[in-house]
Amino acid sequence: MAQNSTDHFFEDKVLGHPSGLFVLFFTEMWERFSYYGMRAILVIFLTGALIGDNPGWAWTSEAALSLLGTYAMLVYLTPLVGGWLADNKIGYRMAVVIGALLMTLGHASMAIETPTFLYIGIAFLIVGNGFFKPNMTSIISKMYEGHDEKKDGAYNIFYMGVNAGAFIGIMLCGWVGEKIGWSYGFGLAGIFMLLGMLQFQYAQSLFGDIGAKPKNEKVDLIDGLVNDSDVVSSKGVKLNKFLVVDYILILVFVVSALIFIINDPLSKIGNIYTFSFTVAGMPNSLFFALLAAITFIVLLIVRIPRYVKIERDRMIAFSIFCLFTIFFWAAFEQAAGSLPIYTRDYTNRILEGGAATTFKIIDLIVTVVPLCVITYVLISLFRKTFKRIGLSNIILGISFVIVWAIVLYKLFIEFQSTETEVPITWFAILNSLFIIIFAPLFTKWWDSKYNPPASVKYFLGLALLGVGFGFLAFGAKDVPLGAKTASLSMAWLVFAYLFHTLGEMCLSPMGLSYLSKLVPGRMVAFMFGVYYLAIAIGNKLAHYVGGDIEKITSEHGLSFFFLIFTFIPIGLGLVSLLLHPLLKKLMHGVR
Numbered sequence: 003m004a005q006n007s008t009d010h011f012f013e014d015k016v017l018g019h020p021s022g023l024f025v026l027f028f029t030e031m032w033e034r035f036s037y038y039g040m041r042a043i044l045v046i047f048l049t050g051a052l053i054g055d056n057p058g059w060a061w062t063s064e065a066a067l068s069l070l071g072t073y074a075m076l077v078y079l080t081p082l083v084g085g086w087l088a089d090n091k092i093g094y095r096m097a098v099v100i101g102a103l104l105m106t107l108g109h110a111s112m113a114i115e116t117p118t119f120l121y122i123g124i125a126f127l128i129v130g131n132g133f134f135k136p137n138m139t140s141i142i143s144k145m146y147e148g149h150d151e152k153k154d155g156a157y158n159i160f161y162m163g164v165n166a167g168a169f170i171g172i173m174l175c176g177w178v179g180e181k182i183g184w185s186y187g188f189g190l191a192g193i194f195m196l197l198g199m200l201q202f203q204y205a206q207s208l209f210g211d212i213g214a215k216p217k218n219e220k221v222d223l224i225d226g227l228v229n230d231s232d233v234v235s236s237k238g239v240k241l242n243k244f245l246v247v248d249y250i251l252i253l254v255f256v257v258s259a260l261i262f263i264i265n266d267p268l269s270k271i272g273n274i275y276t277f278s279f280t281v282a283g284m285p286n287s288l289f290f291a292l293l294a295a296i297t298f299i300v301l302l303i304v305r306i307p308r309y310v311k312i313e314r315d316r317m318i319a320f321s322i323f324c325l326f327t328i329f330f331w332a333a334f335e336q337a338a339g340s341l342p343i344y345t346r347d348y349t350n351r352i353l354e355g356g357a358a359t360t361f362k363i364i365d366l367i368v369t370v371v372p373l374c375v376i377t378y379v380l381i382s383l384f385r386k387t388f389k390r391i392g393l394s395n396i397i398l399g400i401s402f403v404i405v406w407a408i409v410l411y412k413l414f415i416e417f418q419s420t421e422t423e424v425p426i427t428w429f430a431i432l433n434s435l436f437i438i439i440f441a442p443l444f445t446k447w448w449d450s451k452y453n454p455p456a457s458v459k460y461f462l463g464l465a466l467l468g469v470g471f472g473f474l475a476f477g478a479k480d481v482p483l484g485a486k487t488a489s490l491s492m493a494w495l496v497f498a499y500l501f502h503t504l505g506e507m508c509l510s511p512m513g514l515s516y517l518s519k520l521v522p523g524r525m526v527a528f529m530f531g532v533y534y535l536a537i538a539i540g541n542k543l544a545h546y547v548g549g550d551i552e553k554i555t556s557e558h559g560l561s562f563f564f565l566i567f568t569f570i571p572i573g574l575g576l577v578s579l580l581l582h583p584l585l586k587k588l589m590h591g592v593r
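See below:
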């Protein structure tokens, strides 16, 4: 048997998988707890009134969403650097610990509730995420080498941890932040990030050499980054070398993008302009954003045709999918920006009598049942690993004691009152809840003979997303022009989150799947960066447009605002269907 065999990881199994997988499961769960928990309350806190029992900072929605958009954009870009550092310098496990520590400091800084510490905290979160995010899945990939038949199940379990963390984080940080105090909500996110880091740190022995600091070994070179003809001939592959024009385009793109990323929040939050001018009536931030977008498109147009035919065609197909991805996330990520504002200002969240009791029972079920399932997984892990990683298990156990204590306190408080005000953040948990419910059905669909082609999946994802916003637009059709408040039914939000989630399950997993199928191995790193850049742009665009909710609502009405996110995704979905013959040809047999 090969010396690097991973069979020994499968000798001590939990629910049919290596116990190390469940250490990663809980580490990722606490990281997602902290990320989504903080994000759920950030915009509500920043745009909240200056006075009241739990005052906010009274920022404009434009300023708050500009900050959120820049944060979300960088969250998807820094993993490209963090992944490289882990691969080549510090190892996956050290990267995870560093990332978790930085994010703990970030949440702690935000809990202080001053502008300076807010920006310091967000900076720590961005950098920490870059270290943490790409390396958890890398450890899983290494752990399952030689056991490919088990990988799908492993990733399904891992992503259940992702959704469990998002679910519990939004529920608890949201409730604590809204009902007790924003600092406590931000602080709670930091506490669980710290516990997640310690739990992972003291479970290192389970992973053997996986994820340790890499040895000084020669790694494969990425296509285009070298000009060594010997390497080209020894590989037997014609490399697409980077030319001077490519480097110039990359430089213009990077500089323009950085100016936009920095200038946009500075101008909207502090009225500070790094460059102050207009071009054709456009403010400088928008000018640099368009310049960066145009430059990057030109870079792809210049580079991709230089590949051999099949590679060229498949990369064109993948680039088209990335374009759809931008607009999908630009609409979907309204869930973190404009939708909380809509929920707070335009939704009737006060329930009385039987309606209040019904909600309390529903809230009890959706809170306790998933937590019981996760606790069962925790106990299963304890039984198998307590002798080997006792301290890690104790820390994990303390985490769950805290969670159960907060949950029981929350339920006790809620059941005491005769009138219930549904928390603004409660609706955000619906995304994770619906994923947990429907993911097995979609998995069976994709594995069946009825598995649709890529163009149909992108159509379904975009169209379902648009339909979700259509419910919000229909619900808001009678809201007067410029109205600051309304009492719309909560049902419109529930339908919106349902269809948004169904759209996400059609489209979101497709990106990385088609990256692996369409892009040659030597180009995966470059195109992975393109894909993550597409998501980053989508996130920034989401909050750039969403920040105008007040302006658009006052000039055209609330319904019009959501119609924008109804028609554009559905229209792009139809374009995806129309492109099916072309995409099929470009993919050269890849399904």
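Per this note's numbering, residue 3 is the first one in the sequence shown, and the count goes up by one each step.
Each residue gets a CB set at the ideal place from its N, CA and C atoms; glycine is no exception.
Computed from a predicted model, the values in this text were never measured in an experiment.
{"Asked": "Closer than 8 Å is the cut-off here; do at least three beta carbon pairs connect the region 491-498 with the region 529-544?", "Found": "no"}
{"Asked": "Please classify residue 569: is it buried, with 16 or more other beta-carbons within 10 angstroms of its beta-carbon, or exposed?", "Found": "exposed"}
{"Asked": "Please state whether the Cβ-Cβ distance between residue 175 and residue 42 is less than 8 Å.", "Found": "yes"}
{"Asked": "Counting only the same chain and skipping the five closest in sequence on each side, list residues whose C-beta sits under 7 Å from that of residue 538.", "Found": "75, 78 and 79"}
{"Asked": "Return helix, strand or coil for residue 16, following the three-state DSSP convention.", "Found": "strand"}
{"Asked": "According to DSSP, is residue 445 part of a helix, a strand, or is it coil?", "Found": "helix"}
{"Asked": "Answer yes if the region 191-203 comes into contact with the region 386-405, meaning at least three C-beta pairs across the two stretches below 8 Å, and no otherwise.", "Found": "yes"}
{"Asked": "When the distance is taken between beta carbons, is residue 561 closer than 8 Å to residue 479?", "Found": "yes"}
{"Asked": "Who are residue 423's beta bridge partners in DSSP?", "Found": "352"}
{"Asked": "With residue 261 and residue 268 assumed to form a contact (beta carbons below 8 Å), what rounded beta-carbon distance in angstroms separates them?", "Found": "Their Cβ separation, rounded to whole angstroms, is 10 Å, which puts residue 261 and residue 268 out of contact at 8 Å."}
{"Asked": "Excluding the five sequence neighbours on either side, which residues of its own chain have a C-beta within less than 6 Å of the C-beta of residue 190, listed in chain order?", "Found": "175 and 178"}
{"Asked": "Does DSSP put residue 268 in a helix, in a strand, or in coil?", "Found": "helix"}
{"Asked": "Using DSSP with H/G/I as helix, E/B as strand and the rest coil, what is residue 490?", "Found": "strand"}
{"Asked": "Classify residue 571 as helix, strand or coil using the three-state DSSP reduction.", "Found": "helix"}
{"Asked": "Mind the definition here: the region 501-509 touches the region 290-310 only if three or more C-beta pairs lie below 8 Å; say whether that holds.", "Found": "no"}
{"Asked": "Assuming residue 480 is part of the alpha helix (DSSP H), what are its boundary residues?", "Found": "Residue 480 -> no alpha helix (DSSP H), and no H or E assigned at all."}
{"Asked": "Rounded to the nearest angstrom, how far is the Cβ of residue 126 from that of residue 434, given a contact under 8 Å?", "Found": "Not confirmed; about 25 Å, so no contact."}
{"Asked": "Residue 524: which of 142, 186 and 241 sits nearest, CA to CA?", "Found": "241"}
{"Asked": "If I measure Cβ to Cβ from residue 335 and keep anything under 6 Å in the same chain, skipping five residues before and after, which residues do I get?", "Found": "541 and 544"}
{"Asked": "Taking residue 587 as part of the alpha helix (DSSP H), name the residues at either end of that continuous run.", "Found": "582-589"}
{"Asked": "Quick check on the DSSP output: what are the complete beta strand (DSSP E) runs of length 3 or more inside the region 150-184, in order along the chain?", "Found": "none"}
{"Asked": "Please report the straight-line C-alpha distance between residue 324 and residue 302, rounded to a whole angstrom.", "Found": "12 Å"}
{"Asked": "Take the Cβ of residue 374 as the centre, count every other Cβ of all protein chains shown within 10 Å, and call the residue buried at 16 or more, exposed below.", "Found": "exposed"}
{"Asked": "In or out: residue 356 buried (at least 16 other Cβ within 10 Å) or exposed?", "Found": "exposed"}
{"Asked": "Where does residue 34 land, buried or exposed, given buried means 16+ other C-beta within 10 angstroms?", "Found": "buried"}
{"Asked": "Just the C-alpha distance for residue 318 and residue 306, rounded to the nearest angstrom, thanks.", "Found": "7 Å"}
{"Asked": "Short of 7 Å in beta carbon distance, which residues of its chain neighbour residue 44, apart from the five on each side in sequence? Order them along the chain.", "Found": "70"}
{"Asked": "For a test of the three-state rule: what should DSSP assign to residue 32, helix, strand or coil?", "Found": "helix"}
{"Asked": "Tell me which residues share the same chain as residue 412 and place their Cβ nearer than 7 Å to its Cβ, disregarding the 5 neighbours each side in the sequence.", "Found": "177"}
{"Asked": "Residue 85 and residue 131 look like a contact to me (Cβ under 8 Å); what is the Cβ gap, rounded to whole Å?", "Found": "At roughly 12 Å, the Cβ-Cβ gap does not stay under 8 Å, so residue 85 and residue 131 are not in contact."}
{"Asked": "Straight-line CA distance for residue 95 to residue 577?", "Found": "43 Å"}
{"Asked": "Please classify residue 10 as buried or exposed, where buried requires at least 16 other C-beta atoms within 10 Å of its C-beta.", "Found": "exposed"}
{"Asked": "Enumerate in chain order the residues of its own chain whose CB-to-CB distance from residue 354 is below 6 Å, with the five nearest sequence positions on each side excluded.", "Found": "421"}
{"Asked": "Per DSSP, what kind of secondary structure is residue 210 in: helix, strand or coil?", "Found": "coil"}
{"Asked": "Please classify residue 515 as buried or exposed, where buried requires at least 16 neighbouring CB atoms within 10 angstroms.", "Found": "exposed"}
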